[in-house]
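Reading through the structure tokens given below for one structure.
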Amino acid sequence: MRLRGRKGIRESLERQPELVVLDAEPLRGKWSEFFGNDRPIYVELGMGKGRFISEMSARNPDINFIGVDMYDELIRRASEKARNVWSEKGVESPPNLALLRANIEHIEKMFAPGEIERIFLNFSDPWPKSKHARRRLTHPRFLQKYIELLNENGEIHFKTDSQSLFEFSLNSFAETELQLRNISLNLHKDGPREDLVFTEYESKFVEKGQNIYRCEAVIGAAALARYRDEKKRAAARTAEAEADTDTDTEVAADE
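Shown next as structure tokens:
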């Protein structure tokens, strides 16, 4: 994808050091210093025009967000979107958001092991040709990098409109032996999920009635422990409900 940016776009980005990061390597392992706190860091890889990451940062002020893309023009548009979203709160510059211009191929140079808590992959390029499979952001070679960078609460949240990419991704997650939950083959079948933030693409696809595929990969040790505890509690509740039903049935029969 080639984007024609406005004249002077790089200079414009350079004038926003509180929001725009043009070189991540000096911040590797030091993102908490950039934000000035030790709050969890959520990263969107391939943020596009920035609607999702901007709205997520506004909804969740106690979490730090980083949107990553490799094109100056998309960083510019995302910076405008972020400032517009936060201006509605009376804030000039988002305090918990960074927009990073970088190539995801080198993500290990941007973040240190355990520095990230969540990764969002929203409507990534499906790279439909088989010969380009290694470029897909859910290819096992990328998943191995994410695993290294995610902390004990680490998760990956993945959304796409591409059935073929979703099928490929499920196989990649399985090959990497990751625990999946909340798998959906039609995320908005009962109407738009108001609890989730939409991307620009997602809004268009939903309006056209296209299926949105989504799943979450649970990776960190603490996240996995919580997931397993939740499953045990759910199983216990189900067993208790079934026992109550059996008791009611026996009482009714006796009567």
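Under full-length UniProt numbering, think of the first position of the sequence shown as 1, with each following residue one higher.
All C-beta atoms, glycine included, are put in the ideal place defined by N, C-alpha and C.
As the structure is a computational prediction, the values presented were derived from the model and not from experiment.
If one requires a minimum length of 4 residues, the alpha helix (DSSP H) runs lying completely within the stretch 115-194 are 140-149 and 163-175, in chain order. Nearest Cα to Ala-217 within the set Lys-129, Ile-147, Asp-229 and Leu-187: Ile-147. The alpha-carbon separation between Leu-19 and Ala-98 amounts to approximately 5 Å. Residue state for Ile-53 is assigned as helix, using DSSP reduced to three classes.
Cβ atoms of Arg-101 and Ser-12 stay farther apart than 8 Å, at about 12 Å.
A straight-line Cα-Cα distance of about 26 Å links Tyr-227 and Phe-52.
Within 10 angstroms of the beta-carbon of Glu-175 lie fewer than 16 other beta-carbons, which makes it exposed.
Proximity of the stretch 125-132 to the stretch 28-45 falls short of the contact definition, fewer than three beta-carbon pairs being nearer than 8 Å. Taking Lys-89 as the centre and dropping the five residues before and after it, the same chain places the C-beta of Ala-58 closer than 8 Å to its C-beta, in chain order. Only residues of its own chain outside the window of five on either side were considered, and among them Ser-169 and Ser-172 have a CB closer than 6 Å to the CB of Thr-138, listed in chain order. Under the DSSP assignment, Ala-98 falls in the beta strand (DSSP E) whose first and last residues are 97-101. The continuous alpha helix (DSSP H) containing Leu-13 extends over residues 9-14. By the criterion of a C-beta distance shorter than 7 Å, Arg-10 is surrounded in its chain by Asp-72, once the five residues flanking it on both sides are discounted. Between the alpha carbons of Pro-17 and Ile-107 lies a gap of roughly 20 Å. The three-state reading of DSSP puts Asp-69 in strand, counting E and B together. In the three-state reduction of the DSSP assignment, Ile-104 falls in the helix class, which pools H, G and I.
With the rule of 3 Cβ pairs closer than 8 Å, the stretch 153-166 does not count as touching the stretch 80-95. Where Glu-44 is concerned, the enclosing beta strand (DSSP E) starts and stops at 41-45. The Cβ atoms of Leu-150 and Glu-117 lie closer than 9 Å to each other.
Taking C-beta atoms as the reference points, Ile-219 and Asn-186 fail to come closer than 9 Å. When Asn-103, Phe-198, Lys-109 and Ile-119 are compared, the shortest CA-CA separation from Glu-55 is found for Phe-198. Following the DSSP letters along the chain, one finds Glu-33 in no beta strand (DSSP E) but inside the alpha helix (DSSP H) bounded by residues 31-35. For Glu-207, the uninterrupted alpha helix (DSSP H) segment begins and ends at 200-207. In the three-state scheme derived from DSSP, where H, G and I count as helix and E and B as strand, Asn-64 is classed as strand. In the DSSP assignment, the residues bridged to Tyr-213 are Thr-160.
With a 10 Å radius around the Cβ and a threshold of 16 neighbouring Cβ atoms, Glu-25 comes out exposed.
Look at Val-21 here: in three-state DSSP terms it is strand.
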